[in-house]
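To start, the structure under review is shown below, and the notes come after it.
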Amino acid sequence: MEPRQIPPHLQPTWQELMQRLQEIDHLRRAVNVLIWDQNTYMPPGGAAARSSHQATLNRLAHAKFTDPALGRLLDALEPLREALPPDSDEAAILFWVRRDYDRSRRVPEAFVARAAAHFSQLFQAWTEARPQDDWQAVRPLLEESLRLSQEFAAFFPEHQEPLDVFIDHSDPGMTAARMDELFRELREVLRPMVQAIKAHPPVDDRCLHQHYPVEGQRAFGEMVAACYGYDFQQGRQDLAPHPFMIKIAQGDVRITTRYREDDLAIGLFSTLHETGHALYEQNIHPRLADTPLDHGASAGVHESQSRLWENLVGRSRPFWEHFYPRLQETFPDQLAQVSLETFYRAINKVQPSLIRTEADEVTYNLHIMLRFDLERALLNQELRVADLPEAWRARMAEDLGVVPSNHRDGVLQDIHWFSGFIGGSFQGYTLGNIMGAQFFQAAMAEQGPAIQEEMAQGRFDALRTWLTERIYQHGGKFLPDTLIERVTGRPLSVQPYLEYLQRKYSELYDLSTVQAGTPGD
Ligand code: ZN
838 MEPRQIPPHL QPTWQELMQR LQEIDHLRRA VNVLIWDQNT YMPPGGAAAR
888 SSHQATLNRL AHAKFTDPAL GRLLDALEPL REALPPDSDE AAILFWVRRD
938 YDRSRRVPEA FVARAAAHFS QLFQAWTEAR PQDDWQAVRP LLEESLRLSQ
988 EFAAFFPEHQ EPLDVFIDHS DPGMTAARMD ELFRELREVL RPMVQAIKAH
1038 PPVDDRCLHQ HYPVEGQRAF GEMVAACYGY DFQQGRQDLA PHPFMIKIAQ
1088 GDVRITTRYR EDDLAIGLFS TLHETGHALY EQNIHPRLAD TPLDHGASAG
1138 VHESQSRLWE NLVGRSRPFW EHFYPRLQET FPDQLAQVSL ETFYRAINKV
1188 QPSLIRTEAD EVTYNLHIML RFDLERALLN QELRVADLPE AWRARMAEDL
1238 GVVPSNHRDG VLQDIHWFSG FIGGSFQGYT LGNIMGAQFF QAAMAEQGPA
1288 IQEEMAQGRF DALRTWLTER IYQHGGKFLP DTLIERVTGR PLSVQPYLEY
1338 LQRKYSELYD LSTVQAGTPG D
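For the sequence shown, the residue numbers in the numbering used here are 838 to 1358.
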């Protein structure tokens, strides 16, 4: 990037910093190519070598980033932090690099290596234990993970509690206490809402469970992704067992999906979800390429975009008024006799279930709260790993009224606790739901008629342009709280999200017994 704001005598120092950061960025992007390949086309025989290739590149990137020479450059540029306009790119780069550098330096190399070796062993054990439902095989390893997580958190004693360290890493500025408050406000409304919906006869969603050949699913999903504005000249979609989006470069942002021929919703909504993530990355301003700002603002803000495009747009009535006839053309044998109303109800069916990733919009956050509370209790030594399965079952019964009969669909369900530190990986999903609704409400308040008119024609330029100007182009420049205030004019609030759920699901189910109320009362 052009150092527009840097005074001449500091230009060489700035340039050297940027060059070092660019090298680190390139190493990390190369790791992303390896990760993408590992999860799409790599033959099983490549697994062992691939892990060590990644470890080597990660170690090089880490060594470059924690090099004391980089610290000296930051020190030399310290006077700039006062002088630069606070919302300039340069000030943001210095802020984030200083923050990450200081943090990285506080964790000893030996600890990083020990933790990496443990997590790789645990992940391997989990991939074998889960299909066999063998909790005892991973329990001692998970206990070691908990010790490592507490040890790691202790490197950052300025935080209130261990979970804060991990939350602040993926959702900067957020704390366990604030999450707890947001969750309390949500829970007050969601639990009775789920109860009220459960009192209704289940929605008939058999139309989604006919035979849907993959080729038609792929063609339709990619057509919608292109209508959203995903640029297939600067991206591609492939198959992966656990769909994800990954950025190789500004001009190469890839998505993955998975199909089931007996379930139309899985592939389609997975594509729309990952497209949301990809639209964010594809529309970061090109001048931020190769800088530490060339990524989304946080896990939560990123998830706000996948949820917005998947749910607020992709599961909405106006969307399907345009696209349903096209879906019927793609699958005439399956859908010609199925009404739009039947289809719309099927894709928005609410039903408490065991699996988080398959949960509907209403029950999803209850799955997240469960995990958040359990990992907080583990880290605060209020819950033992040995008691985790029972705590899981008790909470499922209380919140969702369904209880797993095995560990596979219970405590062994998610990859997150079995591939890294315990803590910080779940709250971003719910933050995404909350932020997505708040951003969408702001977009509708400003651009509503244009957005609606376009959507009815299968076009999304007004919405995507609005999101690009307000959110996407800035990449990782702003703290999430700052971004939300700038974009919506108010602090983070669960209100838009609860209003959205109330409005949508009151129309689908009779929710007269559920108080909209003011959450927090
Ligand atoms: Zn996502």
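For every residue, glycine included, the Cβ atom is placed at its ideal position computed from N, Cα and C.
C-beta contact flag for residue i and residue j at 8 Å
i	j	result
Leu985	Phe1255	no
Val1324	Ile1271	no
Gln1422	Ile1192	Not covered by the structure: residue 1422. The range shown for the chain is 838 to 1358.
Gly1359	Ala1136	Any question about residue 1359 goes unanswered here, given that the chain covers just 838 to 1358.
Glu1118	Val1090	yes
Thr1200	Val1031	yes
Gln1303	Glu1290	Residue 1303 is actually Trp in this sequence, not Gln. Their beta carbons are not under 8 Å apart, which means Trp1303 does not touch Glu1290 by this criterion.
Glu995	Val1051	no
Leu1101	Gln1165	no
Arg943	Phe1003	no
Leu1145	Phe1277	yes
Gln987	Leu1216	yes
Pro1317	Asp1008	yes
Ala1134	Leu1320	yes
Ala1293	Pro1162	no
Leu858	Leu914	no
Ile1121	Gln1310	yes
Phe902	Ile843	no
Phe1263	Phe1315	no
Gln958	Leu978	yes
Where the beta strand (DSSP E) through residue i begins and ends
i	result
Leu1076	Gln1074 to Leu1076
Lys1084	Met1082 to Ala1086
Ile1092	Asp1089 to Thr1094
Given residue i as reference, the closest of the options once Cα atoms are compared
i	options	result
Ser1190	Glu1052, Asp1236, Gln1171 and Leu1177	Asp1236
Phe989	Glu1336, Glu946 and Pro1286	Glu946
Val1077	Phe1069, Thr1093 and Gln1071	Just to set this straight, residue 1077 is Ala in the shown sequence, not Val. Looking at the Cα atoms, Thr1093 is the closest of the given residues.
Ala928	Leu1172, Pro916 and Asp1008	Pro916
Ala1126	Glu860, Gln1087, Pro1162 and Ser1143	Gln1087
Phe1020	Pro880, Leu1207 and Gln1278	Leu1207
Tyr1346	Asp1170, Ile1085 and Ile1034	Ile1034
His1159	Gln856, Gly1072 and Cys1064	Cys1064
Leu1172	Asp1017, Thr964 and Leu1045	Leu1045
Val1222	Pro880, Gln973, Arg918 and Ala913	Gln973
Ile1085	Leu914, Glu1322, Trp873 and Pro905	Trp873
Ala954	Arg940, Arg935, Ser941 and Ser982	Ser982
Ser941	Leu1023, Glu980, Pro905 and Arg1024	Pro905
Ala1287	Asn1202, Gly1295 and Leu1300	Leu1300
Leu798	Glu1344, Gly1260 and His1132	The shown model of the chain, from 838 to 1358, leaves out residue 798, and the question about it has no answer.
Glu1336	Ser1349, Gln1275, Gln997 and Ala962	Gln1275
Pro849	Ala1056, Leu911 and Leu864	Leu911
Glu1147	Ala1062, Arg1124, Pro1123 and Leu1348	Ala1062
Element boundaries [alpha helix (DSSP H), containing residue i]
i	result
Arg909	Pro905 to Ala913
Tyr1334	Gln1332 to Leu1345
Leu1109	Leu1101 to Gln1119
Cys1064	Val1051 to Tyr1065
Gly1273	Gln1264 to Met1292
Arg943	Asp926 to Arg943
Trp1146	Careful: Trp1146 lies outside any alpha helix (DSSP H) and carries neither H nor E.
Met855	Gln848 to Thr877
Asn895	Ala884 to Phe902
Gln1070	Careful: Gln1070 lies outside any alpha helix (DSSP H) and carries neither H nor E.
Trp1254	Taken as a continuous stretch (DSSP letters only), Trp1254 belongs to no alpha helix (DSSP H), as it is neither H nor E.
Thr1167	Arg1154 to Thr1167
Pro1317	Pro1317 to Thr1325
Arg967	Glu946 to Gln969
Leu1300	Asp1298 to Arg1307
Exercise. Please list the segments of the beta strand (DSSP E) lying wholly inside the segment 987 to 1034, counting only runs of 3 or more residues, in order along the chain.
Key: none
Could you say if the segment 1038 to 1050 and the segment 1180 to 1189 meet the contact criterion of at least three C-beta pairs nearer than 8 Å?
yes
May I ask you to verify whether the segment 1098 to 1111 touches the segment 1145 to 1163, counting CB pairs closer than 8 Å and requiring at least 3? yes
Q. Hey, is the segment 943 to 960 in contact with the segment 1218 to 1229, meaning 3+ C-beta pairs nearer than 8 Å?
A. no
Within the segment 1170 to 1224, note down every full alpha helix (DSSP H) run reaching 4 residues or more, in order along the chain. 1177 to 1184 and 1201 to 1216
Item to complete: Say whether the segment 1171 to 1180 touches the segment 1127 to 1142, bearing in mind that this needs 3 or more beta-carbon pairs closer than 8 Å, one atom from each stretch.
Response: no
### Query
Do the segment 891 to 911 and the segment 861 to 876 meet, that is, are 3 or more Cβ pairs less than 8 Å apart?
yes
Measuring CB atoms only, is the segment 1237 to 1249 touching the segment 961 to 971, in the sense that at least three cross pairs come out at less than 8 Å? yes
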